[in-house]
Structure formats: C-alpha cells, structure tokens
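K.L.:
Numbering (this note's numbering), first residue to last: 234 to 372.
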C-alpha cells in the first residue's frame, strides 16, 4: 500500500525534472563563476530523496556529480558547507562509489574521508540505514 508521500503522478515527476533542470543551469553558472562549493550546496538542496522514479534520481545524481567533481579544495569545502548537508552528501558519495568510474570513485573517497572525520561514523550509519530517502538506483 503506497502512502500519500510516495504517490508520484506523471505531472509531479515532470515538475520535479523541471526543477532539477533549473538547478543544473544554476550550477553551471556557479561553476563558471568559480564557486564550486556554492554549486554543491545548490545541487544538494531539494534533492528528490523520497522519489522512487529512476529518471529523477539519475537526473539529480548528474547535477550533484557535476558539482562534486568540480571541488578541488575539500578542506575548504567543509569550512563552507553546513552540517545539514553532510548526511545527504554521504548518500551521494556512496552512489558515486557504486559507479565504478575511477575519477568519480577517487573524488568520492577523498570527500568520504574528510566527511567521516568531520561528521563521524554516525553519518555513515544514517546514510546506510535510511531506506526511505534514497539516491541510489534500484538494483
């Protein structure tokens, strides 16, 4: 039985995809302005965590991935990134690691190490234990 929170009509999904596309354009602008941390914050804001639609998950992953790969100063990123983003960032790091793409995995591991130092093991546990708010593609 699906709860009201998970009812995804085609209209809702199209609106969600449209918001992700708008977010993508904003991120590209921020990256052109050499503001990768702001781009990452924008990518993580309003992530469609509760959606079960793979198009939405994939579209948002592409946006987060683009911003995440632009980060060069990871310590500097964490000096600017609010703690409210830590758990969702951890979820996307695991999605990145699941790709098997070497540059993506390398970047995810670098960020994972620093994030774990900052947020502790609880961040990992919350990320892995949360089965409602997911960013991974269904296996």
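C-beta atoms are modelled at their ideal positions from N, C-alpha and C, and glycine is treated no differently.
Count the other CB atoms within 10 Å of the CB of residue 316; is the residue buried (16 or more) or exposed (fewer)?
P.N.:
Residue numbering aside, residue 316 sits at position 83 when the chain shown is read from its first letter. With fewer than 16 Cβ atoms within 10 Å of its Cβ, residue 316 is classed as exposed.
K.L.:
How many angstroms separate the CA atom of residue 258 from the CA atom of residue 368?
P.N.:
Here residue 258 refers to the residue found at position 25 of the chain shown. Here residue 368 refers to the residue found at position 135 of the chain shown. For residue 258 and residue 368, the distance between alpha carbons rounds to 21 Å.
K.L.:
Closer than 8 Å by C-beta to residue 349: which residues in its own chain qualify, once you throw out the five before and the five after it? Chain order, please.
P.N.:
The count along the chain shown starts at 1 and reaches residue 349 at position 116. These residues qualify, in order along the chain: 356, 357.
K.L.:
Quick one: what's got a C-beta closer than 6 Å to residue 310's C-beta in the same chain, skipping five residues either side?
P.N.:
Taking the chain shown and counting its residues from 1, the one referred to as residue 310 is at position 77. Only 270, 304 meet the Cβ criterion.
K.L.:
Answer with buried or exposed for residue 329, where buried requires no fewer than 16 other C-beta atoms within 10 angstroms of its C-beta.
P.N.:
Your numbering for residue 329 matches position 96 in the chain shown. Residue 329 should be labelled buried.
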